[in-house]
Amino acid sequence: MSESPVSGKSSSAKGSAKKLKGETKTKSSARGKRKQLAKKDEEVDISMASIGHPEIFPLVFTEKTQEIFNCRVNEDITEENPFKLLKKEDVIQDMKTRAAISDFHPVKKVVLEYPGEELLIVLDAEFRYGQNFYLVATEEAKENLLNPPEPVEGGGETKEGTPEEFVYKPPVHKPWVSLGSEKEVEEESVKETVTKIKYEISRLRREFGAAVTFTDRNASNVKDGYIECISYQDKNFNIKQLERDVGAQVVPQVRETSTQTKWMYPRNATTQYFPREFSNEEKEQCLSSDDLKEFITSVSLRVEIALQQNEIMNAFFDDWKALAEDESSFGGKSDAYLKEYQSFTDLHSLKNRTVTCICWHPTIYGIIAVSVTERLTYEDRVNLSGKLLLGKSLILFWSFSDPIHPQLLLECPEDIFCFQFCPSDPNIIAGGCINGQVALWDISEYEEKLQNAKTGAGGSKNTAVNMPSFIQAQQSGKEPHFVRFCAVSSIEYGHKAVVTDIHWLPDYFEVNKMGLTFENRAGVCVQLVTCSADCLILFWDIRAPKLSVQASSEKTKEEKAIEAPPDVPTTFTHLDLSWRPLMKINLSKSDTSGDYSPTRISFTEEHYHYKIQDKAQSQLQPELFIDGSPYKQLRVPSAKPLKLLENVPTNFFVGTEDGELIYSDWKMERESDTGRLISQKPANKYTIHDGIVNTVQRSPFFKDIILSIGGWNFAIWKEGVTGGPILQSCCSPKRYTVGHWSLSRAGVFFIGREDGNIDIWDLLEKTHEPSQTQNISISMITCIKPWIVSSKQHFLAISDDLGTLHILEISWTLSHPSSNERASVLHYFEREVKHLDYFEQRQEFRARERKEIELEKQRNKTSVVHPQKSKEQMEEQMNMDYLEFLELEKKVLIDLGLLREPERHAS
Numbered sequence: 003m004s005e006s007p008v009s010g011k012s013s014s015a016k017g018s019a020k021k022l023k024g025e026t027k028t029k030s031s032a033r034g035k036r037k038q039l040a041k042k043d044e045e046v047d048i049s050m051a052s053i054g055h056p057e058i059f060p061l062v063f064t065e066k067t068q069e070i071f072n073c074r075v076n077e078d079i080t081e082e083n084p085f086k087l088l089k090k091e092d093v094i095q096d097m098k099t100r101a102a103i104s105d106f107h108p109v110k111k112v113v114l115e116y117p118g119e120e121l122l123i124v125l126d127a128e129f130r131y132g133q134n135f136y137l138v139a140t141e142e143a144k145e146n147l148l149n150p151p152e153p154v155e156g157g158g159e160t161k162e163g164t165p166e167e168f169v170y171k172p173p174v175h176k177p178w179v180s181l182g183s184e185k186e187v188e189e190e191s192v193k194e195t196v197t198k199i200k201y202e203i204s205r206l207r208r209e210f211g212a213a214v215t216f217t218d219r220n221a222s223n224v225k226d227g228y229i230e231c232i233s234y235q236d237k238n239f240n241i242k243q244l245e246r247d248v249g250a251q252v253v254p255q256v257r258e259t260s261t262q263t264k265w266m267y268p269r270n271a272t273t274q275y276f277p278r279e280f281s282n283e284e285k286e287q288c289l290s291s292d293d294l295k296e297f298i299t300s301v302s303l304r305v306e307i308a309l310q311q312n313e314i315m316n317a318f319f320d321d322w323k324a325l326a327e328d329e330s331s332f333g334g335k336s337d338a339y340l341k342e343y344q345s346f347t348d349l350h351s352l353k354n355r356t357v358t359c360i361c362w363h364p365t366i367y368g369i370i371a372v373s374v375t376e377r378l379t380y381e382d383r384v385n386l387s388g389k390l391l392l393g394k395s396l397i398l399f400w401s402f403s404d405p406i407h408p409q410l411l412l413e414c415p416e417d418i419f420c421f422q423f424c425p426s427d428p429n430i431i432a433g434g435c436i437n438g439q440v441a442l443w444d445i446s447e448y449e450e451k452l453q454n455a456k457t458g459a460g461g462s463k464n465t466a467v468n469m470p471s472f473i474q475a476q477q478s479g480k481e482p483h484f485v486r487f488c489a490v491s492s493i494e495y496g497h498k499a500v501v502t503d504i505h506w507l508p509d510y511f512e513v514n515k516m517g518l519t520f521e522n523r524a525g526v527c528v529q530l531v532t533c534s535a536d537c538l539i540l541f542w543d544i545r546a547p548k549l550s551v552q553a554s555s556e557k558t559k560e561e562k563a564i565e566a567p568p569d570v571p572t573t574f575t576h577l578d579l580s581w582r583p584l585m586k587i588n589l590s591k592s593d594t595s596g597d598y599s600p601t602r603i604s605f606t607e608e609h610y611h612y613k614i615q616d617k618a619q620s621q622l623q624p625e626l627f628i629d630g631s632p633y634k635q636l637r638v639p640s641a642k643p644l645k646l647l648e649n650v651p652t653n654f655f656v657g658t659e660d661g662e663l664i665y666s667d668w669k670m671e672r673e674s675d676t677g678r679l680i681s682q683k684p685a686n687k688y689t690i691h692d693g694i695v696n697t698v699q700r701s702p703f704f705k706d707i708i709l710s711i712g713g714w715n716f717a718i719w720k721e722g723v724t725g726g727p728i729l730q731s732c733c734s735p736k737r738y739t740v741g742h743w744s745l746s747r748a749g750v751f752f753i754g755r756e757d758g759n760i761d762i763w764d765l766l767e768k769t770h771e772p773s774q775t776q777n778i779s780i781s782m783i784t785c786i787k788p789w790i791v792s793s794k795q796h797f798l799a800i801s802d803d804l805g806t807l808h809i810l811e812i813s814w815t816l817s818h819p820s821s822n823e824r825a826s827v828l829h830y831f832e833r834e835v836k837h838l839d840y841f842e843q844r845q846e847f848r849a850r851e852r853k854e855i856e857l858e859k860q861r862n863k864t865s866v867v868h869p870q871k872s873k874e875q876m877e878e879q880m881n882m883d884y885l886e887f888l889e890l891e892k893k894v895l896i897d898l899g900l901l902r903e904p905e906r907h908a909s
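In terms of my numbering, the sequence shown is residues 3 to 909.
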């Protein structure tokens, strides 16, 4: 189902609120309001009538509801037995007790009008109708599911439909008539044709009853005196017989056998024994002997050490078994799946909208915020721009205690594509709009409401005494609070396209217009970074600039002329519609004249927010918190010089629309010709992904490990390694849409796909394919955000394209690391870096080898080919060489004294 039925309960609450507002208007408008209210009060039809099953009503059962009605998945009901009968009275009592929170509230009318006494609930394990359960609304459909009609055979019944009666006829003895089958059986039967061997064993008469004397012998003194009988696999049982034809008769063959048993006369027998003891004289002699004293003296130290060891540690503890992990505590393979914990949706606020961003509240348990946008293409958005202006763009705050009504609604100037809580103050929120603007919210006034949301309205838990009735809970309803944005950036000086990513800079440094990093004396986050598809990366400062006297007087006149609404906080009034970026960065292409279009950005200090220890910071900190919030008195520092921080890394990774990953620096440099500030050229560019990059995220365990996801694959990078990714996946069957690292295990990350599945990767288990794949929704996964509540409870928030937010509980296997897992993952990354270096060296070697081969070919082509000599010339050359050799031989012999020159002439 693309729409959840639970949000239909909020229609009455909103209708009543609108009716109170309409009393001050004319009667005609009041009638129009009542007509609209009548339409809204109608219950939303969630049946499957559109696909031919009007008796089917999909439902979402939480773990609480499953425990109440004993219909827990894989325990009370399974895929083999998916049916569960619930009493109608119990269901009505549950709707009265839990009111709007009851999972049966969307089908209240169906339950009340049901003619039978028992309702049939069926487990929908394959999500054929969109939810995990569905209700059967008619008795006929219930009987067809519980007792399906048996197929009717042609000869099993008569024409009237009554089965024929079987009459038993006893068999009659008849003479056997031979048809030749006994001959075939005789030919196929196996007969013994080999004569059996007979053995006769005899013994001399005189050896019977002879005395036998046994002695002890040491097995090690004699060769082969000890033979160990080691178990081995008997291969006789592994021999497979060839297929052969064997004949057998039904009646076994008659054969004669005999046995002989020695019969003994039975009688009763008993045995009694007692130990031998020394006499009293022998005991006294043994205790007073010197041998006993020497023995006790020699072993006393060893016994004392053994007793001390028993007191210190368990001597019977098996250390070898303790080296292995206890896999039984993990629950096996079934425990590795994500378990559904809660789901949120609202048909009124989320109709035809998709979730674009998820953020957990940093300090309040069970509070999660989501931003939504219209599910339209660019052409449809342009055509319907006038209609979209009438609707509200919202950020919804959900609570675990109320899955139907949002606790808070943030009004936005346009649809929000990304937003982030401020790390220094969770009440400050910054978001990027689809039109390129950046908005700020201050929800300090509603912090207490969010904290009390987990215990219900008024901060008191609903018990049996103060529990409202079913009708009262439906009529009262909950109207969420709308919070307007405090400030929005200037349209002229901001982004020209949708803001695709936003990040707060850490609280211990700030950036100036040159891109240099200085100490942050405020001690809180005051700057943020945004990127957009308009090829710009902008740095923003939320502090109020120090204006001159004339400028401040003009601003005072403007504030008097245009006053802000009374319900809007004045925290960032100084920035509204005049907020300009502090620094602009263009990512220019080196090979062409165009620019890169960033979609995601990742800084080195993304997950590592450290605070510097400085005396100036400790002195200024108390002054900033006098008014309760540090952001109400923030100002840009005066001309007093700030301390330059040179050890802060300024490099960052950027993912683009074309699937590229860029590594660059945000420091500005001056152009040699004009002297104006320009952005640096990207240091490295990699084209790995075949689609838009939707995730660029650093590992929470390793600062230099980056995960990038885009198109049909993902890649893992190591900062400082310029040869390429250390791990690149193959193409997935479906396109990847989003991903996120695990917060508790170094080698685990989650990737969402366009078919609604989640791929869970464990690098210590598999690197060529995901460890497991689990279906979450029937539509595309849009965002993934994990969160650690405690050491025993880890959550994973997943949103889909239909606007539904799923909260899943991460199992023990996926949330608790094994021993030395971080070191093992680090060793794996280092090994992959070495493999990449070796690959680059081999590439360089092959390139040089190919170059040398080409040069050798060129030299062979350009070398001069000498003409071939004739036979006479070759003989003449050989004679000349021979004469030269004779002269050289003569000279050597004369020098050695072996040949005299006169004797040579005489001869």
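Glycine included, C-beta positions come from ideal geometry on N, C-alpha and C.
Chain-order list of residues whose beta-carbon lies under 8 Å from that of residue i (same chain, five-residue window excluded)
i         : result
residue 1 : The chain is shown from 3 up to 909; residue 1 falls before or after that span and cannot be answered.
Inter-residue spacing [alpha-carbon to alpha-carbon] between residue i and residue j
i           : j           : result
residue 717 : residue 759 : 19 Å
residue 225 : residue 212 : 29 Å
residue 305 : residue 297 : 12 Å
residue 695 : residue 688 : 12 Å
residue 219 : residue 207 : 30 Å
residue 822 : residue 768 : 17 Å
residue 99  : residue 107 : 11 Å
residue 145 : residue 78  : 21 Å
residue 450 : residue 540 : 34 Å
Cβ-Cβ distance between residue i and residue j below 8 Å
i           : j           : result
residue 399 : residue 369 : yes
residue 390 : residue 351 : no
residue 429 : residue 406 : no
residue 360 : residue 374 : no
residue 725 : residue 690 : no
residue 448 : residue 410 : yes
residue 135 : residue 244 : no
residue 598 : residue 664 : yes
residue 803 : residue 782 : yes
residue 496 : residue 583 : yes
residue 545 : residue 636 : yes
residue 442 : residue 487 : yes
DSSP-derived helix/strand/coil call for residue i
i           : result
residue 697 : strand
residue 467 : Bear in mind that the predicted position of residue 467 carries a pLDDT of just 37, short of 50, making it unreliable; the figure below should be weighed with that in mind. If DSSP states are grouped into helix, strand and coil, residue 467 belongs with coil.
residue 288 : helix
residue 301 : helix
residue 157 : In this prediction, residue 157 has a pLDDT of 42, which is less than 50 and means its spatial position is unreliable; nothing more can be read from the coordinates.
residue 218 : coil
Beta-carbon proximity list for residue i, same chain, < 6 Å, skipping 5 on both sides
i           : result
residue 892 : none
residue 299 : none
residue 701 : 707, 743
residue 526 : 426, 509, 632
residue 634 : 573
residue 416 : 395, 435, 436, 437
7 Å CB neighbourhood of residue i in its chain, flanking five on each side removed
i           : result
residue 605 : 505, 654
residue 997 : The structure shown does not extend to residue 997, since the chain is modelled only from 3 through 909, so no value can be given for it.
Neighbour flag for residue i against chain C, beta carbons, 8 Å
i           : result
residue 728 : Any reference to chain C falls outside this structure, which holds one protein chain only.
Taking the runs of the beta strand (DSSP E) that are 3 residues or longer, which of them lie wholly in the segment 719-767?
If we require 3 residues or more, the beta strand (DSSP E) runs fully inside the segment 719-767 come out as 738-743, 750-755, 759-764.
Whole runs of the alpha helix (DSSP H) within the segment 310-384, excluding any shorter than 4 residues:
Runs of the alpha helix (DSSP H) lying entirely within the segment 310-384 and spanning at least 4 residues, in chain order: 321-324.
At which residue ranges does the segment 777-825 contain complete beta strand (DSSP E) runs of 3 or more residues, listed in the order of the chain?
DSSP runs (the beta strand (DSSP E)) wholly in the segment 777-825: 783-792, 795-802, 807-811.
May I have a chain-ordered list of the alpha helix (DSSP H) segments no shorter than 4 residues that lie completely inside the segment 45-73?
Scanning the segment 45-73 for uninterrupted alpha helix (DSSP H) segments of 4 residues or longer gives 65-70, listed from N- to C-terminal end.
Suppose only complete runs of 4+ residues qualify. What are the alpha helix (DSSP H) ranges in the segment 107-151, listed by chain order?
Runs of the alpha helix (DSSP H) inside the segment 107-151: 110-114, 141-148.
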